[in-house]
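Here's the structure we're looking at; comments come further down.
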Ligand code: SAM
């Protein structure tokens, strides 16, 4: 089907297959063709690119991606959408849909395989908001050969993630592998059903390997954000905590968000 995002096409598909958007799966479908085209423009994809799309929904974004990308590999958790997607995307030979929870995908293997055929592999997704952080973490910690992530998230999440002065385990993870920027604000009115807040597209350029030991430092370091790094890491390093912090030149009364990614990377050497 052409122009799936047109309101009439969306309504037709949802009515025909009796699909109610599922809150459980964070379903807010894009229903504005112009917005989707603008989103696709921000990704700079071409025929040498394979796009991995998380959650195609009824296929509105997937369709537009397929005009620019070499291949679009979609992961959709909701099997109710099978018939819809067969009708909406069936004619697009460079789109493949796999019905699987993206959080269970072995991304490293998948991307290794795609890299044999495509110069660039990237992720484009209008993310289900209920698992935004889990999905970003899953992608970053997979240590795959992905080039970039282009993800729609809630606007306030995008603003926080791109604020140089805001730090969380996730922002440190992102900083350790590359850089993040905000590409575009998207009004809540271009979704059906409309969410309560506006959205934004973030771009994460991936250019460094992820150090998996960071997982074991960042979470304990932020157990209690208001407490000092000493207090938070005591449970991990026990009586050695003071010495380790000293060796890393980290003041023990600092709060976890006051450290730099370099500090956390140094700390991983003591695990
Ligand atoms: N891409 C469509 C669009 O822009 O109109 C739909 C986006 S909707 C916000 C999120 C999509 O992600 C839904 O299709 C939902 O079923 C799917 N989804 C939710 N959790 C998922 C998961 N763990 N793995 C794969 N897809 C998921």
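In my numbering, the protein residues as written are 231 to 501. Note that beta-carbon positions come from the ideal geometry of N, C-alpha and C, so glycine has one too.
Please give me, in chain order, every unbroken run of the alpha helix (DSSP H) with length at least 4 that falls completely inside the region 338-371. 362-371, all fully within the region 338-371.
Are residue 378 and residue 352 touching if we call contact CB-CB under 7 Å? A contact, by the Cβ cut-off of 7 Å.
Residue environment, residue 349, which counts as buried when at least 16 other CB atoms sit within 10 Å: With fewer than 16 other Cβ atoms from the protein chains shown falling within 10 Å of its own Cβ, residue 349 counts as exposed.
Would residue 459 pass as a contact of residue 434 if the rule is Cβ separation under 7 Å? Pairing residue 459 with residue 434 gives a Cβ-Cβ distance that is not under 7 Å.
Taking 6 Å as the cut-off, is the beta-carbon of residue 306 closer than that to any non-hydrogen atom of ligand 1? Proximity of the beta carbon of residue 306 to ligand 1 is indicated: a heavy atom of the ligand is located closer than 6 Å.
Using beta-carbon positions only, say whether residue 428 and residue 411 come within less than 7 Å of one another. Residue 428 places its beta carbon 7 Å or farther from that of residue 411.
Does the region 305-315 come close enough to the region 248-266 that 3 or more CB-CB pairs lie under 8 Å? Yes, since at least three Cβ pairs between the region 248-266 and the region 305-315 fall closer than 8 Å, the two stretches touch.
Could you check the C-alpha separation between residue 278 and residue 300 for me, to the nearest Å? Cα to Cα, residue 278 sits roughly 6 Å from residue 300.
Do residue 448 and residue 500 have their beta-carbon atoms positioned less than 7 Å apart in this structure? Contact: no.
Heavy atom of ligand 1 less than 6 Å from the Cβ of residue 322, yes or no? For ligand 1, not one heavy atom lies less than 6 Å from the Cβ of residue 322.
Bounding residues of the alpha helix (DSSP H) (the contiguous stretch that carries residue 298): Residue 298 -> alpha helix (DSSP H) spans 290-298.
Where the alpha helix (DSSP H) containing residue 465 begins and where it ends: Looking at the DSSP string, the run of the alpha helix (DSSP H) that includes residue 465 is 459-467.
Can you grab the Cα-Cα spacing for the pair residue 388 / residue 432, in whole Å? Near 6 Å, if we compare the C-alpha coordinates of residue 432 and residue 388.
Would you check whether ligand 1 has a heavy atom nearer than 6 Å to the C-beta of residue 198? No answer is possible for residue 198: the residues shown for the chain start at 231 and end at 501.
C-beta contact flag for residue 283 and residue 354 at 7 Å: The beta carbons of residue 283 and residue 354 sit closer together than 7 Å.
Counting beta carbon pairs with one atom in the region 355-367 and one in the region 284-293, are three or more of them shorter than 8 Å? Between the region 284-293 and the region 355-367 there are three or more inter-stretch CB-CB distances shorter than 8 Å, so the stretches are counted as touching.
Within the continuous alpha helix (DSSP H) that includes residue 471, where are the two ends? Note, residue 471: alpha helix (DSSP H), 471-477.
Could you pull the start and end residues of the beta strand (DSSP E) that residue 305 belongs to? In the DSSP annotation of this structure, the continuous segment of the beta strand (DSSP E) that includes residue 305 starts and ends at 301-306.
Which residue's Cα is closest to the Cα of residue 327: 362, 497, 489 and 288? Ranking 362, 497, 489 and 288 by Cα distance to residue 327 puts 288 first.
According to DSSP, is residue 485 helix, strand or coil? It is coil, neither helix nor strand.
Rounded C-alpha distance that separates residue 476 from residue 367: Take the alpha-carbon of residue 476 and the one of residue 367: they are about 30 Å apart.
Have a look at 470, 480 and 231 and flag the residue whose alpha-carbon is nearest the alpha-carbon of residue 297. Looking from the CA of residue 297, the closest CA among 470, 480 and 231 belongs to 231.
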